[in-house]
Amino acid sequence: MSQEAIYLPSPEFVSQANVKGMEGYRALYQQALDDPEKFWGNLAETELHWFQKFDKVLDWSEAPFAKWFVGGKTNVCYNCVDRHLNTDRKNKAAIIFEGEPGDQRVITYQELHRLVSRFANVLKGRGLQAGDRSIIYMPMIPEAAIAMLACARIGVIHSVVFGGFSAEALKTRIQDLNAQVVITADGGWRRAKEVRLKDAVDEAVKDCPSVANVIVYKRTGSAVPMDPHRDHWWHDLDEGVSEDCPAVPLDSEHPLYVLYTSGTTGKPKGILHTTAGYLLQAAMTVKWVFDMKEQDTYWCSADIGWVTGHSYIVYGPLAVGATNIMYEGAPDTPAFDRWWRIIDKYKVSIFYTSPTAIRALIRQGDHWPKAHNLASLRLLGSVGEPINPAAWEWYHSVIGKNRCPIVDTWWQTETGAIMIAPMPGAVPLKPGSGTLPMPGVVPEIVDLKGNPVPDGNEGYMILHKPWPSMLRTLWGDPDRYKEAYWSKLEGIYFTGDAARRDKDGYYWILGRVDDVMNVSGHRLSTMEVESALVRHPHVAEAAVVGKPHEITGQAVCCFVTLKKGVDQKHDELGKELRQWVAHEIGAFARPEEIRFTDVLPKTRSGKIMRRLLREIVTSNTVGGDVTTLEDMSVLTRLASQNDED
Ligand code: WT7
Numbered sequence: 011m012s013q014e015a016i017y018l019p020s021p022e023f024v025s026q027a028n029v030k031g032m033e034g035y036r037a038l039y040q041q042a043l044d045d046p047e048k049f050w051g052n053l054a055e056t057e058l059h060w061f062q063k064f065d066k067v068l069d070w071s072e073a074p075f076a077k078w079f080v081g082g083k084t085n086v087c088y089n090c091v092d093r094h095l096n097t098d099r100k101n102k103a104a105i106i107f108e109g110e111p112g113d114q115r116v117i118t119y120q121e122l123h124r125l126v127s128r129f130a131n132v133l134k135g136r137g138l139q140a141g142d143r144s145i146i147y148m149p150m151i152p153e154a155a156i157a158m159l160a161c162a163r164i165g166v167i168h169s170v171v172f173g174g175f176s177a178e179a180l181k182t183r184i185q186d187l188n189a190q191v192v193i194t195a196d197g198g199w200r201r202a203k204e205v206r207l208k209d210a211v212d213e214a215v216k217d218c219p220s221v222a223n224v225i226v227y228k229r230t231g232s233a234v235p236m237d238p239h240r241d242h243w244w245h246d247l248d249e250g251v252s253e254d255c256p257a258v259p260l261d262s263e264h265p266l267y268v269l270y271t272s273g274t275t276g277k278p279k280g281i282l283h284t285t286a287g288y289l290l291q292a293a294m295t296v297k298w299v300f301d302m303k304e305q306d307t308y309w310c311s312a313d314i315g316w317v318t319g320h321s322y323i324v325y326g327p328l329a330v331g332a333t334n335i336m337y338e339g340a341p342d343t344p345a346f347d348r349w350w351r352i353i354d355k356y357k358v359s360i361f362y363t364s365p366t367a368i369r370a371l372i373r374q375g376d377h378w379p380k381a382h383n384l385a386s387l388r389l390l391g392s393v394g395e396p397i398n399p400a401a402w403e404w405y406h407s408v409i410g411k412n413r414c415p416i417v418d419t420w421w422q423t424e425t426g427a428i429m430i431a432p433m434p435g436a437v438p439l440k441p442g443s444g445t446l447p448m449p450g451v452v453p454e455i456v457d458l459k460g461n462p463v464p465d466g467n468e469g470y471m472i473l474h475k476p477w478p479s480m481l482r483t484l485w486g487d488p489d490r491y492k493e494a495y496w497s498k499l500e501g502i503y504f505t506g507d508a509a510r511r512d513k514d515g516y517y518w519i520l521g522r523v524d525d526v527m528n529v530s531g532h533r534l535s536t537m538e539v540e541s542a543l544v545r546h547p548h549v550a551e552a553a554v555v556g557k558p559h560e561i562t563g564q565a566v567c568c569f570v571t572l573k574k575g576v577d578q579k580h581d582e583l584g585k586e587l588r589q590w591v592a593h594e595i596g597a598f599a600r601p602e603e604i605r606f607t608d609v610l611p612k613t614r615s616g617k618i619m620r621r622l623l624r625e626i627v628t629s630n631t632v633g634g635d636v637t638t639l640e641d642m643s644v645l646t647r648l649a650s651q652n653d654e655d
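According to my numbering, the stretch in the sequence shown is residues 11 to 655, in order.
Rendered as C-alpha cells:
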C-alpha cells in the first residue's frame with residue numbers, strides 16, 4: 011500500500027455534502043485566514059444563541075491567555091438543548107442509549123430538557139452555584155451527559171474523570187480542583203462485570219475535605235455503603251424537584267470544564283475550556299468534518315471521560331441537534347460483533363472510533379462485521395493516534411464497503427476541537443494522513459529554532475493563530491500553561507507532535523516528541539507511571555518508555571531497580587508491580603512489561619536516558635540482551651559520552 015494512494019469523494023457524496031469540492035474548502039479556509047475575527051464573529055452570531063451579544067471577537071492582548079467573544083452572554087446547555095425545543099427537533103432523539111446488558115432508552119430533546127433541568131435543580135438544592143466545581147465519575151450512561159449539561163446550565167465547572175481511573179487518580183483530581191460535589195453511580199457494566207465506581211469514590215473522598223456531597227445514580231443496583239451525611243441517591247434528590255430551571259446567562263469566557271490529561275511530569279494538567287468559543291468550534295467541526303445532517307444517526311464510540319466524548323458526544327453534536335448513539339460497554343461483549351450489531355440495529359450513518367479499536371477488531375476476523383448489514387453507514391472517522399494504512403484499508407473496505415470517506419481527525423485535549431481533518435465532500439483522502447487544516451487553523455512544521463522545514467521533512471508541529479476552542483490555561487497553574495505550550499518557541503503554540511507536510515500540503519502526524527506515551531489513543535506520561543512505581547516499597551528507581559505495540563499503538567514498558575536487600579522472585583514481583591500501577595493510575599495504564607535491572611542508563615548530570623531505553627525496547631539490538639548489569643553499565647558508559655545535554 012503506497013502512501014500516495016488517493017481516494018476522491020464520490021459525486022453522490024459531494025452533491026449532498028455541507029462543504030462541496032476543494033473550491034468550497036479553499037474558500038472557507040481563505041476567509042478564515044484573511045480575516046479570522048470576521049470569520050468567527052459571523053459564525054458565532056449565526057450559529058449560537060446569545061442572551062447578550064458580544065462586542066469584541068478576540069482579545070489576544072494578554073497572550074497566551076485568550077478571550078473570545080468578549081462581553082457576550084450565552085449558555086452552553088441552552089444551546090445544546092433549549093433552543094431545539096421551538097423547532098422540529100423537539101421530539102427528535104437526542105440520545106439513543108444501549109446498555110451493555112442490552113437495555114435501551116431513547117431520550118428526545120424535550121425529555122433531555124426535562125431531565126437536565128431537574129438535575130440542575132438538584133445541584134442547586136445542594137447549594138451549588140456558578141463557579142463551583144463538580145467531579146463526574148460515571149459509566150457511559152445518559153446520566154453522565156445529563157450531569158455535564160446540568161452543570162453547564164447553572165455555571166458549575168465540571169471535570170469528568172474516566173471511569174477506568176483508579177481511586178488514587180480520582181483523589182488527586184478532586185483535590186486539585188477542590189471540588190464540592192462528586193456525581194457518580196453505584197457502578198457500570200463492562201465485559202459483563204460490574205465496575206464499582208462508588209467504592210472508588212469512597213476511597214478517594216476520605217482525603218478530600220472539600221467534598222460535601224456525593225450524588226449516586228443507581229445503575230447496577232448492587233449494594234453500596236451510603237454515608238448519611240454526605241451521600242445521596244440521585245433518585246431521592248430528584249423526587250418532586252421542579253422541572254423549571256432557566257439556563258443562567260454566562261459570560262463567554264465562563265469556565266465550562268476542566269479535563270485532566272497527562273503532561274511530562276508526574277502531575278496531570280487540568281486543561282481549562284470555557285463557554286462560547288469552545289462550543290462554536292466544536293459545533294462547526296461537527297458540520298464540516300462529520301458532514302452532519304438532520305437525518306443522520308451518529309455514533310462516537312469514545313468514553314465521555316476523554317475529550318472526544320466531551321466535544322463529539324455531548325457538546326458538538328447536541329449543539330447542532332444531532333441524534334447520538336451512546337453505548338455503555340465493551341466491543342467484545344457478548345461477542346466481537348457488538349459494535350456492528352449496534353450499527354445495523356440503529357442504522358448508524360456516521361461512525362467515529364479509534365485506530366486501536368479498529369486493529370483489535372481486525373484481529374477477530376471479517377466474519378463478525380460481515381454477518382451484519384452496514385449499509386446505513388455513509389461516513390467513518392478515526393481519532394487518537396495515527397492510523398496505519400493497513401487498518402485504514404480494512405476500515406474503508408470491510409466496514410465502509412469502499413463507499414464511505416474516512417475522516418482522520420487530528421486534535422488534542424488542549425485544542426478542544428478537530429484541527430486537522432478532511433472535509434469529506436471536499437478533500438481527497440490519503441490513508442494515514444489527517445490531510446488539511448480546518449478553517450482558522452494555521453499549522454507549520456519547524457525545527458527547534460522555529461524555522462520552517464522543507465515540505466517532506468520531519469519536524470515539530472506548531473499552530474500559529476489563537477482559535478476559539480483553545481484551552482485558556484491550566485487550572486491553578488498559569489505558569490505551567492505558558493511553559494508547557496508557549497515557551498519552546500516564544501509565543502507560538504507547541505503541539506508536542508512530530509509531523510511532516512507533503513508536497514500537496516497534507517499533514518502526516520508521526521507521534522509525540524515529549525515523554526508522553528499514546529496507549530490505545532490515551533495519553534499517558536512516562537513520569538506518571540514512574541512516580542507510581544517508586545511509591546512501591548520495593549522499588550528504588552524506575553524509567554518508563556513506550557514500546558511499539560501491534561494493537562494499542564504503544565505499550566508501557568518499565569525498567570526498574572530494586573531497593574537493597576529486596577529478595578523476591580522477579581516473576582512474582584513483576585506481576586505485583588503491574589497490578590500496583592493499575593491500582594495507582596487505572597487498568598489502562600497497566601504495564602505490558604517490567605524489566606529488572608541493577609542500574610539505569612543516565613547522563614552524568616543524572617538524567618535517565620529514555621531515548622536509549624526507547625531504542626532498546628523498540629529494536630532490542632542495542633547491546634543485545636540488555637537486561638543484565640554488565641550490559642546496562644556498558645550502555646551507560648557508552649551513551650553518556652554523547653548524550654549529555
Ligand atoms: C494526541 C492528543 C484528540 C482526542 C483524542 C486524544 C495524538 C490524536 C490523532 C490523529 C495522529 C493523533 C497526537 C495528539 N493524536 N489524534 N488523528 N493522528 N495522532 O486526545 O489525549 O489529548 O492526545 O493524540 O499525538 O497530540 P489527547
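We put the beta carbon where it would ideally sit given N, CA and C, even for glycine.
L384 and S407 have their C-alpha atoms some 12 Å from each other. Two segments are said to touch when three or more pairs of C-beta atoms, one from each, lie closer than 8 Å; by this definition the stretch 433–450 touches the stretch 413–423.
Taking the Cβ of Q305 as the reference point, every heavy atom of the ligand WT7 lies at 7 Å or farther away. Spatial neighbours of P46 in its own chain (CB-CB distance under 7 Å, excluding positions within 5 residues in sequence) are listed in chain order as G450 and K475. Fully contained in the stretch 231–257 are the following alpha helix (DSSP H) runs of length 4 or more, in chain order: 244–248. Boundaries of the beta strand (DSSP E) around E454: P453 to V456. If you check the C-beta of T419 against the ligand WT7, you find a heavy atom less than 7 Å away.
Exclusion of the five residues before and after E454 leaves P462, I472 and H474 as the residues of its chain whose Cβ lies within less than 7 Å of its Cβ. For I335, the closest of K102, R36 and A73 by C-alpha to C-alpha distance is K102.
If you draw a straight line from the Cα of N52 to the Cα of E500, it is about 31 Å long. Linking P365 to G391 through their CA atoms gives a straight-line distance of about 10 Å. Within the chosen limit of 7 Å, the ligand WT7 reaches the beta carbon of N528 through at least one heavy atom. With a cut-off of 8 Å on Cβ pairs, the stretch 189–208 is in contact with the stretch 225–233, counting three or more such pairs. For a cut-off of 8 Å, the C-beta gap from S262 to W78 is around 6 Å, short enough to register as a contact.
A residue is called buried when at least 16 other Cβ atoms come within 10 angstroms of its Cβ; W70 does not meet this threshold and is exposed. The way I'd put it, the stretch 266–275 does touch the stretch 521–539; three or more beta-carbon pairs between them come closer than 8 Å. Contact annotation: A54 and F64 have beta-carbon atoms nearer than 8 Å.
Beyond the five residues adjoining it in sequence on each side, V317 comes within less than 7 Å, by CB distance, of L269 and T423 in the same chain, given in chain order. By the Cβ criterion, the stretch 538–550 is not in contact with the stretch 488–499, since fewer than three pairs of Cβ atoms, one from each stretch, lie closer than 8 Å. With respect to the 8 Å criterion, G469 and D457 are classified as neighbours on the basis of their beta carbons. In its chain, beyond the 5 residues on either side, D465 have a beta carbon closer than 6 Å to the beta carbon of K513. V86 is positioned such that its CB atom lies no closer than 8 Å to that of G315.
With respect to T285, L266 sits close: the two C-beta atoms are nearer than 8 Å.
For P558, the enclosing beta strand (DSSP E) has its first and last residue at V549 to H559. Around the C-beta of P256, fewer than 16 other C-beta atoms lie within 10 Å, and the residue is accordingly described as exposed. Going by DSSP, M527 is part of the beta strand (DSSP E) stretching over V526 to V529. Sequence-distant partners of Y88 (beyond 5 residues in either direction) whose C-beta falls short of 7 Å from its own C-beta, in its chain, are H59 and A257. Here E178 carries a helix assignment [DSSP, helix/strand/coil].
Runs of the alpha helix (DSSP H) spanning 4 or more residues and lying entirely within the stretch 444–499 occur at 488–496, in chain order. DSSP, read as helix, strand or coil, puts C567 in strand. At least one heavy atom of the ligand WT7 lies less than 7 Å from the C-beta of W316. Residue pairing from DSSP places M336 in a beta bridge opposite F107.
Out of A177, I145 and T343, the CA that lies nearest to the CA of P111 is found in T343.
Between the stretch 155–163 and the stretch 107–126, the count of Cβ pairs shorter than 8 Å is three or higher; the stretches touch.
C-alpha of R605 to C-alpha of G394: approximately 28 Å in a straight line. Sequence-distant partners of M32 (beyond 5 residues in either direction) whose C-beta falls short of 6 Å from its own C-beta, in its chain, are A436.
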